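Some notes on the structure that comes next.
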Amino acid sequence: EKEGYNHFMIKEINEQATSVRNTLTQREHIQEIIDDIDEGIQRICFVACGTSYHASLTGKYLIESLAGIPTDVILASEFKYSANTLNDKTLVIFISQSGETADSLKALDVANETSKTLGIVNVAGSSITRRAEYVIQTQAGPEIGVAATKTYVAQLTSIYLFAALLAKNTELLEELEKVPDFIDEALEDIDFIKEISKRYNYARDFFYLGRGYSYPTALEGALKLKEITYIHGEGYAAGELKHGPLALIDEGIPVVVIAPPGDSHRKTMSNLEEVKSRGANVLAIGSADDDALKTKADDIITINPEVNEIIAPLVYVVPLQLIAYYITLEKGHDPDKPKNLAKCVTVE
Ligand code: F6R
Numbered sequence: 248e249k250e251g252y253n254h255f256m257i258k259e260i261n262e263q264a265t266s267v268r269n270t271l272t273q274r275e276h277i278q279e280i281i282d283d284i285d286e287g288i289q290r291i292c293f294v295a296c297g298t299s300y301h302a303s304l305t306g307k308y309l310i311e312s313l314a315g316i317p318t319d320v321i322l323a324s325e326f327k328y329s330a331n332t333l334n335d336k337t338l339v340i341f342i343s344q345s346g347e348t349a350d351s352l353k354a355l356d357v358a359n360e361t362s363k364t365l366g367i368v369n370v371a372g373s374s375i376t377r378r379a380e381y382v383i384q385t386q387a388g389p390e391i392g393v394a395a396t397k398t399y400v401a402q403l404t405s406i407y408l409f410a411a412l413l414a415k416n417t418e419l420l421e422e423l424e425k426v427p428d429f430i431d432e433a434l435e436d437i438d439f440i441k442e443i444s445k446r447y448n449y450a451r452d453f454f455y456l457g458r459g460y461s462y463p464t465a466l467e468g469a470l471k472l473k474e475i476t477y478i479h480g481e482g483y484a485a486g487e488l489k490h491g492p493l494a495l496i497d498e499g500i501p502v503v504v505i506a507p508p509g510d511s512h513r514k515t516m517s518n519l520e521e522v523k524s525r526g527a528n529v530l531a532i533g534s535a536d537d538d539a540l541k542t543k544a545d546d547i548i549t550i551n552p553e554v555n556e557i558i559a560p561l562v563y564v565v566p567l568q569l570i571a572y573y574i575t576l577e578k579g580h581d582p583d584k585p586k587n588l589a590k591c592v593t594v595e
């Protein structure tokens, strides 16, 4: 069922435009949920693990800036250790591919006692879909590769729809319709990324830097790298660099800089220069017409200039997934079955 692909992961990476397109069909259903719960919601709280946590973080940036509703993001495994202060004016959103993650389920039972709950889940009929008050079904289809790829962009699509509808932001809703094409364009760079990956597989450590909307993307890029290549990768908010990790930047260390056009761009460029001047090997992901970025980075993977920093999380993650995939092949590991990991984590 790999349909000619060598691994499920690369097949699923290639299915991401479809995953977004199919999830966009949930718009009406999401509007109905909003119509039902909007009244009186004063706070939103996301609860999730791993990749789903990174989608949630993006949700915080979006919902706060578009809809102005205070939003928190809590790791499901930490949920019981913080007071949380949930009440009946809180909407608690559980993002989960499998719908069976034990930590998330535990937290859902607690949240159901006080608050409205919404599950954003890929697996139909899973425990979270049965226990949450409202459900958005991501339309990625079954995901076999352990590393989440097409389900991540589907989660993001649901959150973008939710935030845009909540804020009645028609401009963003129109932008979202273009995302599948932007993703397919990003996939056209596959051969180039394969080449680059050969040059980076020597590394023992990688850094991923991004600001604002690109910060969760940096975390996700690093997680993909860690879980399948077994190379140590750290995602950082680019502005945090000076507060410690800059001490680790040395000659030849790869730093992936996520630099889409937008408000964050100028400052991300100065962070790029900071690592470059300490000898880092900078691999930048940026707009195809970003000439400054081209002169400053050692390597650059380009994205359609129309993709601004707000929708960038849906598109800029694609090259990061591909980098992790091709480095894994270079190292001779199986990207579909990383050691020590399971697709679904049913123990706390
Ligand atoms: C990473 C990955 C994991 C999951 C995490 C949560 O590629 O797949 O980090 O995202 O275990 O799982 P779900 O989304 O099923 O709750």
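The opening residue of the sequence shown carries number 248 in full-length UniProt numbering; numbering runs sequentially from there.
We put the CB at the ideal spot given by N, CA and C, even for glycine.
Values in this document were obtained by computation on a predicted structure and should not be read as measured data.
Note on the UniProt domain "SIS" (280-419): whole beta strand (DSSP E) runs with a minimum of 3 residues are 290-295, 318-322, 337-343, 363-368, 381-384, in chain order. With respect to the 8 Å criterion, A323 and T348 are classified as neighbours on the basis of their beta carbons. Relative to V522, the option among D545, E275, I342 whose CA is nearest is D545. 8 Å or more divides the Cβ of D510 from the Cβ of G457.
In the DSSP assignment, E481 is bridged to F454.
Within its own chain, the residues whose Cβ lies closer than 6 Å to the Cβ of T464, once the five positions on either side in sequence are excluded, are G457, I505, P560, Y563, V564, listed in chain order. A distance criterion of 7 Å places the beta-carbon of C292 beyond contact range of the ligand F6R, judged by its closest non-hydrogen atom. If you check the C-beta of V594 against the ligand F6R, you find no heavy atom less than 7 Å away. Per DSSP, P501 is one residue of the beta strand (DSSP E) stretching across 501-506. Non-local beta-carbon contacts of I321 in its own chain, meaning distances under 6 Å to residues more than five positions away in sequence, involve V294 in chain order.
The beta carbon of H479 is closer than 6 Å to those of D452 in its chain, skipping five residues each way along the sequence. Relative to the ligand F6R, the nearest heavy atom lies less than 7 Å away from the CB of A395.
Annotation: the continuous beta strand (DSSP E) that includes A531 extends over 528-534. Contact between A414 and L313 holds: their C-beta atoms lie close to 4 Å from each other, under 8 Å. Counted as a single uninterrupted DSSP element, the stretch harbouring D538 is not any beta strand (DSSP E) but the alpha helix (DSSP H) occupying residues 538-543. Between H276 and P582, the CB-CB gap reaches or exceeds 8 Å. For I574, the uninterrupted alpha helix (DSSP H) run begins and ends at 559-578, by DSSP. D546 has L530 as its beta-bridge partners, per DSSP. Distances from the CB of G366 to the heavy atoms of the ligand F6R are all 7 Å or more. The Cβ atoms of S373 and G346 lie closer than 8 Å to each other. Distance from G366 to V382 at the Cβ level is roughly 5 Å; contact confirmed, criterion being Cβ atoms closer than 8 Å. Apart from the 5 residues on each side of it in sequence, H301 sits with its Cβ closer than 6 Å to the Cβ of P463, L466, E467 in its chain, given in chain order.
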